[in-house]
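2 protein chains.
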Amino acid sequence: MKTKKRTGHFTLPAQAGMDKEVKMFIEKWGVDAIRDSDGTTLSPEIVSMGPDVYSTICLIRVDQEWAKSHPDQCQQKFLMSFPVTAERDGELKIAIQKGYSNEQFQIDNVHAAKKYWEVIDRATGEVIDPDKWDFHNQSGEVVVHTARMGHVYTVNFLVYQIWETTSMYNYITNNWSGEHQMGVDPRQPETGTHLLQYLDTWLAAHPNTDYVRFTSMFYQFPLIKGENRETLYLDWSGYLDAMSALALDQFEQKFGYRLRSEDIVDQGYYCATDRIPKQPYLDWMAFVQEFVRSYTKQCVAKVHAAGKKAILFFCDHWIGTEPYLDGFEELGFDGIVGPCLSGVELRRIADVPGNFIKEVRLYPYFFEVNLQDEPVFKDDGDPVKECKKWWKNVRRALLRRCVDRIGFGGYLDLAIKHPDFLDYVEHLADEFRTVLDRTKKTKPYTLLKKVAILDCWGKARSWMHNDNWPQGHAPEFLSGFMADVKFVNFDDIRQRGIADDIGVIINWGRAESAWSGGHHWSDPVVIERMREFIMNGGGFIGIGDPAAHDYQGRYFQLADVLGVEKEIGHKAAWSKNIRSDVNCDHFIVKDVIGAIQLGVESSSVYISSSDAELLAGTSNAVHLATHTFGNGKAVYFADYMHNGQNMRLLHRAILWASGKEGELRRWFSSNIHTDCAFYPEVDEFVVMNNSEQDVTTTVFNGDGKSTFVNLKPLEMRWFTLDEINRLCK
Amino acid sequence: MKTKKRTGHFTLPAQAGMDKEVKMFIEKWGVDAIRDSDGTTLSPEIVSMGPDVYSTICLIRVDQEWAKSHPDQCQQKFLMSFPVTAERDGELKIAIQKGYSNEQFQIDNVHAAKKYWEVIDRATGEVIDPDKWDFHNQSGEVVVHTARMGHVYTVNFLVYQIWETTSMYNYITNNWSGEHQMGVDPRQPETGTHLLQYLDTWLAAHPNTDYVRFTSMFYQFPLIKGENRETLYLDWSGYLDAMSALALDQFEQKFGYRLRSEDIVDQGYYCATDRIPKQPYLDWMAFVQEFVRSYTKQCVAKVHAAGKKAILFFCDHWIGTEPYLDGFEELGFDGIVGPCLSGVELRRIADVPGNFIKEVRLYPYFFEVNLQDEPVFKDDGDPVKECKKWWKNVRRALLRRCVDRIGFGGYLDLAIKHPDFLDYVEHLADEFRTVLDRTKKTKPYTLLKKVAILDCWGKARSWMHNDNWPQGHAPEFLSGFMADVKFVNFDDIRQRGIADDIGVIINWGRAESAWSGGHHWSDPVVIERMREFIMNGGGFIGIGDPAAHDYQGRYFQLADVLGVEKEIGHKAAWSKNIRSDVNCDHFIVKDVIGAIQLGVESSSVYISSSDAELLAGTSNAVHLATHTFGNGKAVYFADYMHNGQNMRLLHRAILWASGKEGELRRWFSSNIHTDCAFYPEVDEFVVMNNSEQDVTTTVFNGDGKSTFVNLKPLEMRWFTLDEINRLCK
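Sequence order for the protein chains is Y and A. Just so you know, the working numbering puts 46 at position 46 of the first sequence, and the rest follows in order with no gaps. Just so you know, the working numbering puts 882 at position 153 of the second sequence, and the rest follows in order with no gaps.
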């Protein structure tokens, strides 16, 4: 008996002139929403099939005529000129935009340079008196009149962004020709008013549109191109692109102090999300958020007034909307959509607080090349392989927290040439709908206590870790792990302590980064609360440079907790005498089959407590170690590289650190290439092969009884509770 | 015709009851000086052979009865208790000496703890009010009354050193039993007077003594032992051991401020020589030097008054004498002796400014084990192999700057059991005397300009780099390289600029160490002078973390000079776009035969200038690269490991950086396992095999003409200028 084909929960892009093919997709993939774009008209036949119509709009570039006639209302940014070393005392000429794209940026010659810019002597940090330099618009040069030989000079200067970033990205990626689109700034009152009027008109002109998909709001995350279109800088959650002379003036009115260009330029590091944020940048973020949210609300209200629903594309110009910060729900969106190639990116969408539609756009895009510029829908590209590579990561996280919809993007005419891809996506869509059907989006069996990631950003940057993207780092593991994950920052700990629902705290990343935390670890309040938590039985897992800050005789401020310390040179005269043999019998390493390789080549970390246990590496080059502290436990990983063996190490480390070793064989699948989940509210169980080989695994039910299961490559196998319990002995 | 056997320039230790054997040594090794010690009486037969008699005296432990009856005048030191974490608010007990040797140290209960000690909260850096802690002498505990849960506490406390370090070292190494010797402090007026009187008596009691060998003066470099006699801390040039309550009080009178215990304890890093020195520690050094030199002068004067000569053992208690600082010659020593197992250690003795006898004590000691505690004169130890291993390094440096004498130390009864060793040392002594005879201690052919090592210490720590001891680092290469070496510090550059006689500056070491320089690189004066020097044609070689300091947007402050920069996390959002293929044809790598392995496993250094040249590694993990800057040149080495291939890399790098590539084949031996030297004042030439295999090499004379030379293992082959010129075509 053939099961009725499941349909729906699937969004497809339309493409002009491909009505017939769209019909095929609708049927094969169970598509129930079509995303059109200007220039596409859906045929009566398709309309009769009844899909929802998503229409995309990017307000800031929708009216290029307005942009062209109001160039001074286009978006702005601070750039720092590349450092120039003065070869002699006296006059130094700096071609300020040298090294940056002339297609993307144009020096702002509207606003007074001496008011907004800063010329800095980087040998001293001194801001050069504006009387001692001049800007020559014609040559694009700043001339420093009193440069000193051997000093290095930079200029923080305002530019207009004359090629909008998304437009630029699509244009370059797809080898488009034609006009470069510009982005206007709705903070400019005239433009702000115009865009709202434009939206009204646009809504009226789109009677068949059910959902307005904003792609997205106003300010792009920064993506800075160089002279040869190479990417110089990219920060998925950076706030550089919301800048303007007007914003600076308004900021001063609001915060009572004037933001310096250097507060944003940040020595050329541009306040990247990896940097420990300073107060002026945090103020700037709050300032941008206030405007973006207020203007967004007006946009969404207009969509609702037109009887349509509004969706936010949680990418591109998402800056300022901040889905993880309080108040996001009040913007009124009916849905949120994000691109998704990993478990982290799935959770980034799925975990957004709020009750609205969550949709992920899967990979590959139907573009000729992928994000790494490798061929996919051309030459010897293999879109099925590409799709499986990402889907298996996404799927793992989906079992922890499901979204409502999936979709793809790009050009249908590219996809349609690959029948194997059409078949695979049909299968993928079915897998997705099966998860929805069987789990009813209920919560899977989960450890009692949460795993917290502690960094400088906390919930504001939930699931936004780009370290080792796209392969992923420890958060990628957590995206599919059987614990709820909480993102906390140092202020949370300072102000509210460590919540009772947290079992294990993870601190990971490079020293002096926003992830590891830098100087926050010299705050005695943070240290007190951390030690109290661990002493009372909490778990601490440090990866890389946990709690690292060169302060008061320690580098790892929690060296006493971790039982290991890092040599950065200050203790070279000290012997590292504590010798420890590798303990191959520890609970954490019980499933290890090959050498433990965490991705770190060497390590300057040594065993500093005689009761620490070494699990990998040597006593003077620790890769993995454990230690107890009071009633709590700590695990140190020199690094984490996402693969089956390391996933199991971290899985066991979390259980060990939280004193839950006994829980290991409850709703557990033994093979490191598999995952499983049990849904107690609906009595469903699934075990899943993450690998592209056949595997056998031992599956344990809630009583710790087990059975063997053979799984085909990437297979998901569902059981009812009765079925799995019957099998387990 | 048998050449007359050369003799002399050789010092041998005496040993009680071994007169007959001593005679054999005198004849076989050409010994002309016997170092006796108390308890040894030289027989008339030996005296009749006429050797000089060296007698050793270590004033601070020569009179143990005095030490026992004046325990409060024994030497002192600050220790920092190991950090203790408070598990609760309130009372915290710290067993302050826990972890340190009870044999070596005894807590000072003579001087008021609250005056001299500091209890520090390492979570805040706060010094705890002395009212809030107490010391209990009986338990050896400090009780902090107001500890805070989760804070970490340490106690800086004074101890008496009840086991003098050299005594302890010899005792432990040779498994002695019996009484532990104590060291008294001549700064104590009563002890100071007593020791001078004792010296008078001692001199009168040693009529046969020609040379008084002080082994050495008063304060040992710190060697701190743990509870199980393991070495915890060792700093060959540290000033910890000159401490006393009295010294602290006198310091205050002299410098007008009170030295804090923390100025010495330094967060537990104990102001190791690897640390960037701060002013209070530099003041402390000057203070110690003043006393040591003044008291030393009195001792030497007494020796001279007794008609004898005085020699300083430049090891053990050498602290404060500072042979490389101005004024050392005024102390009046007639000679200086040092232990020597490398080229660096040879040069450390040979280069001491002053016209007096320079002697090196070679390795192995006639002890059962070596410095690494491996068997030498016992079990399956191989003293010949051990001797060759060090001698070949020493010998290489000897060709650059010869000393006057060699010697050995230890027990003759151990040496005599190894006839092969007796033969090898006979050969070695002959090699040494040949160098003396043929070179007449004249200066070999040398590059016109000097190579300078720039660090925080400059000439004060000439040839005192212990990095990678005993194998050696870049200075080991320089010890045998054909350039004069100059040691300069940042103050030299600030105050006097960069001298005209410098061709290449090397800065090497770990970031934020005294060797790399840390914050000195943010001093604009330093940066100006360095850039001016390089721009005008100077060479700069950076090894490891050159000019590294996180400041104003750069980590390598001379990144513009080097063409490379290090990623420490701040620029993670920046692409590292500059791609460079490895240039295998560069002058520097022309002699490379295998893979270039500098000792660094990974590297976070990337090419930051498009005109940098990559010679080893990859564009994003640079191991070796070059760059030009103005008229100057720079070379970056990610590390340096001392071996034949890397020696040649550095050799060529120095020539390239100083624009002297054309000089390569002048007085040059092509095989990387060989060295050569030409002595223009005496027209002698030597080529030498550093390896224990037969080698063939092409030797180039001063005109660049060449000839093949075959050398046996470790062979030194001498030629007159005429001979070598005749051979070269």
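Backbone N, C-alpha and C fix where the C-beta goes; we use that ideal spot for every residue, glycine too.
Which residues DSSP lists as bridging residue i, in chain order
i	result
Asp455 (chain Y)	Y:Asn489
Thr697 (chain Y)	Y:Val709
Trp391 (chain Y)	For Trp391 (chain Y), which the question treats as bridged, DSSP gives no partner whatsoever.
His627 (chain Y)	Y:Ala634
Cys676 (chain Y)	Y:Val687
Leu771 (chain A)	Beta-bridge pairing links Leu771 (chain A) to no other residue.
Terminal residues of the alpha helix (DSSP H) in which residue i lies
i	result
Arg213 (chain Y)	Unbroken run through Arg213 (chain Y) is the beta strand (DSSP E), Tyr211 to Phe214; no alpha helix (DSSP H).
Arg361 (chain Y)	Note, Arg361 (chain Y): premise wrong, no alpha helix (DSSP H); beta strand (DSSP E) at Ile357 to Leu362.
Ser798 (chain A)	Gln793 to Ser798
Counted within 10 angstroms of its Cβ, other Cβ atoms place residue i as buried (16 or more) or exposed
i	result
Lys2 (chain Y)	Bear in mind that the predicted position of Lys2 (chain Y) carries a pLDDT of just 46, short of 50, making it unreliable; the figure below should be weighed with that in mind. Classification for Lys2 (chain Y): exposed.
Leu448 (chain Y)	exposed
Gln197 (chain Y)	exposed
Cys676 (chain Y)	buried
Trp117 (chain Y)	buried
Phe1437 (chain A)	exposed
Arg401 (chain Y)	buried
Asn866 (chain A)	exposed
Tyr324 (chain Y)	buried
Lys225 (chain Y)	buried
Spatially closest choice to residue i from the options, by CA coordinates
i	options	result
Thr1355 (chain A)	A:Thr1426, A:Ala841, A:Leu1291 and A:Val1318	A:Leu1291
Ser658 (chain Y)	Y:Phe540, Y:Asp683 and Y:Asp639	Y:Phe540
Ile1065 (chain A)	A:Leu1041, A:Pro1052, A:Ser1071 and A:Glu1074	A:Leu1041
Asp1289 (chain A)	A:Thr1357, A:Leu1456, A:Glu1452 and A:His935	A:Thr1357
Asp818 (chain A)	A:Ile1297, A:Tyr882 and A:Ile1086	A:Tyr882
Arg1223 (chain A)	A:Ser1333, A:Ile1256 and A:Gln1008	A:Ile1256
Glu45 (chain Y)	Y:Gln253, Y:Phe421 and Y:Met24	Y:Met24
Ser830 (chain A)	A:Thr814, A:Ile891 and A:Arg790	A:Ile891
Val695 (chain Y)	Y:Val687, Y:Asn701, Y:Lys712 and Y:Glu684	Y:Lys712
Tyr1365 (chain A)	A:Ser1338, A:Ile1078, A:Arg1090 and A:Lys1458	A:Ser1338
Extent of the continuous beta strand (DSSP E) to which residue i belongs
i	result
Ala499 (chain Y)	Looking at the DSSP string, Ala499 (chain Y) is not in any beta strand (DSSP E), and its letter there is neither H nor E.
Gln890 (chain A)	Val881 to Gln890
Met688 (chain Y)	Glu684 to Asn689
Ile1270 (chain A)	Gly1268 to Gly1273
Val265 (chain Y)	Note, Val265 (chain Y): premise wrong, no beta strand (DSSP E); alpha helix (DSSP H) at Ser261 to Val265.
Ile1065 (chain A)	Gly1064 to Pro1068
Gln835 (chain A)	Phe834 to Ile836
Leu741 (chain A)	Phe739 to Pro742
Leu1100 (chain A)	Premise fails: Leu1100 (chain A) is in no beta strand (DSSP E) and is neither H nor E.
Val110 (chain Y)	Neither: Val110 (chain Y) is in no beta strand (DSSP E) and is coded neither H nor E.
Arg258 (chain Y)	Arg258 (chain Y) -> no beta strand (DSSP E), and no H or E assigned at all.
### Task
Pair every Cβ in the segment 912 to 921 of chain A with every Cβ in the segment 983 to 996 of chain A, then say whether three or more of these pairs are closer than 8 Å.
No contact exists between the segment 912 to 921 of chain A and the segment 983 to 996 of chain A.
### Task
Please determine if the segment 1178 to 1187 of chain A and the segment 1233 to 1250 of chain A are in contact, where contact requires at least 3 C-beta pairs separated by less than 8 Å.
Yes: the two stretches touch, three or more of their Cβ pairs being nearer than 8 Å.
### Query
Just checking, does the segment 1051 to 1065 of chain A make contact with the segment 1078 to 1093 of chain A on the three C-beta pairs under 8 Å criterion?
Judged by Cβ distances under 8 Å, the segment 1051 to 1065 of chain A makes contact with the segment 1078 to 1093 of chain A, as three or more pairs qualify.
### Task
Take every Cβ of the segment 582 to 602 of chain Y, pair it with every Cβ of the segment 1015 to 1025 of chain A, and state whether three or more of those distances are shorter than 8 Å.
Touching, no.
### Task
Check whether the segment 1330 to 1350 of chain A touches the segment 1302 to 1319 of chain A, counting contact only when three or more Cβ pairs, one atom from each stretch, lie closer than 8 Å.
With a cut-off of 8 Å on Cβ pairs, the segment 1330 to 1350 of chain A is in contact with the segment 1302 to 1319 of chain A, counting three or more such pairs.
### Query
Is it a yes or a no for the segment 1035 to 1052 of chain A touching the segment 940 to 952 of chain A, going by three-plus beta-carbon pairs under 8 Å?
Counting Cβ pairs under 8 Å, three or more are found: they touch.
### Query
Given 8 Å as the limit, is there contact between the segment 1158 to 1167 of chain A and the segment 1210 to 1219 of chain A, that is, 3 or more CB pairs closer than that?
Verdict: no, contact absent.
#### Entry: the segment 456 to 465 of chain Y contacting the segment 415 to 426 of chain Y, beta-carbon criterion three pairs below 8 Å
Taking 8 Å as the limit for Cβ pairs, the verdict is that the segment 415 to 426 of chain Y does not touch the segment 456 to 465 of chain Y.
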